[in-house]
Amino acid sequence: MALTGKGFFIWRVANCEGGNPEAIAAKAVAAGLSHVLLKIADTRYPFGFDRQNRDLVQPVVVALHNRGVQAWGWHYVKGEDPTGEAKVAVERSRALNLDGYCIDAEGEYKTAGKVEAARAYMTDLRAGLPNMLIALSSYRYPSYHRELPWAAFLEKCDLNMPQVYWEQSHNPDRQLERCAREFANASLVGYQRPVVPTGAAYGAGGWVATAEDQAVFYMKARELGMLAANSYSWDWATSAGNQHLWNAVARFDWQAEARPIEQPLPVPQPQPVVQPVAPVVQPVAPVVQPQPVAQPAPQPALPSVLLQQWLAAANSANLDALVALYQANAGHVSAKRMIFGAPAIRQWYQQLLGELLAGGRFTVLDARGKDNSWAFEWRWEKSGSATQSGKDTLGLRDGRIQYHYTNFSKPGLAA
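Under the numbering used here, the first residue of the sequence shown is numbered 10, with each subsequent residue one higher.
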């Protein structure tokens, strides 16, 4: 069975929806998930049992299957007992009737002598699960972890599920682009496999992923043509104070983003300014040099042509020019909602420039970025001292905006 769409990793079933299998399955369907990955083993030991030795994973698998959601198992391996790890993987995967199996191999597999352990493990694993989809979940940048036996794992895997965890940063799009680029390099990893990335929906060391991060991550996965993507973890993203992470993933419509772009929208070009030509008058007296006329402070030079076009279109309230800067299936994101497509984006600008920030002037205060990712700060001012400030992030594809995140507060904005 092919894997497409959105998925979520579960560490401990008891941490999710009170451990209620039906509630877990219902929440997965409501969020539009196509698959859920549950931890089923740790090294050579089964995982997912309570203190009475009851299997908490099995009823969740049944509930998911009853609702048409794939159930995958994931397994943390260390390579100290590759035969034992393969044995428990095969036994649990068969007993649970899983749709796929995911190998979580990390630091322990970077030590000396683990190439042979990985080969032995993968040989036994594939022999025991000849028809099951198998994926590798490990580091996002193989260039930083060359000691890990990538080729030994990926040779017998169907998919690659790198952990694209952007801890201490908020640039999932750039990190995912680099991750995909490195895994396309056979000299680094031995075998190229379809990438199904896993993004960060958790916090660590005072850092917490944001709702914007989730939207940007999933939009970048779709932009790169990936067939599926995951988030880690359900446990964290549904805990008290962190449900904005779950909600952001749930709001992302993978199928809407999958619509092909039929005709690119034209990029507006600046029109030449025609200066009036005054008649030439021959002076009859000594020429008096004109005094310099004070000019208003110039707008800081913007490093991106698209930002220049956006600023000009926003200040003229030109909806056609604004919408033409976006891809046909572009997404616009705020902290509270997400919209897709040119008609919805036009409606948003119509409300913004016609009602909420009407009649003023935008100024870009600062712009940072390069290539396909830009962040900028802006201020809107209107006579009578009305002001508003904001921070926006743009992700570009083929010279047009693929996603746009806006961060500002204004009473009445449907954000």
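Using N, Cα and C, we set each Cβ at its ideal position, and we do this for glycine too.
Predicted model, so just to flag it, every value in this text is computed and none were measured.
So K165 is in the alpha helix (DSSP H); what residue range does that whole segment cover? Per DSSP, K165 belongs to no alpha helix (DSSP H) and is neither H nor E.
Terminal residues of the continuous alpha helix (DSSP H) containing V137? In the sequence on display, residue 137 carries Gly and not Val. Per DSSP, G137 belongs to the alpha helix (DSSP H) from K123 to G137.
Measure the beta-carbon distance from K400 to G369 and round it to whole angstroms, keeping in mind my assumption that it falls under 8 Å. 18 Å between Cβ atoms; not a contact.
DSSP beta-bridge partners for Q172? Y148 and T207
Taking DSSP as the reference, what is the three-state secondary structure of N256? helix
DSSP puts C111 in a beta bridge; with which residues? C111 is bridged to W83 and A144.
Which residues in the same chain have their Cβ closer than 6 Å to the Cβ of L142, if we skip the five residues on either side of it in sequence? G109 and D167
Assign P292 to buried or exposed, taking buried as 16 or more other Cβ atoms, counted over all protein chains shown, within 10 Å of its Cβ. Residue placement at P292 is poorly supported in this model, since its pLDDT is 46, which falls under 50; the coordinates still yield a value, given next. The residue is exposed, with fewer than 16 neighbouring Cβ atoms inside 10 Å.
With distances taken Cα to Cα, identify the nearest neighbour of A376 among G350, A395, Q317 and Q360. Q317
When we look at the beta-carbon of V78 and count the other beta-carbons within 10 Å, is it buried (16 or more) or exposed? By the C-beta density criterion, V78 is buried, having at least 16 other C-beta atoms within 10 angstroms.
Determine the DSSP secondary structure at G28, reduced to helix, strand or coil. In the structure shown, G28 falls within a helical segment according to DSSP collapsed to helix, strand and coil.
Only counting runs of 3 or more residues, tell me where the beta strand (DSSP E) segments fall wholly within the segment 346-385, in order along the chain. Runs found: 347-349 and 370-379.
Give me the residue from V373, T247 and G116 with the minimum Cα distance to W20. T247
Measure the C-alpha to C-alpha separation of A126 and I112 and round it to an integer number of angstroms. 14 Å
Opening and closing residue of the alpha helix (DSSP H) in which D222 lies: A220 to E232
Distance between G93 and T132 (C-alpha atoms, nearest Å): 13 Å
Same chain, Cβ closer than 7 Å to Q200, neighbours up to 5 away in sequence not counted: Here residue 200 is Tyr; the residue named in the question, Gln, does not match the sequence. Cβ neighbours of Y200 beyond the five flanking positions: A160, L163 and E164.
Under 7 Å Cβ to Cβ from V198, same chain only, skipping five residues before and after it: list those, please. P151, W159, A160, L163 and F192
N-terminal and C-terminal residue of the beta strand (DSSP E) that L47 is part of: L42 to D51
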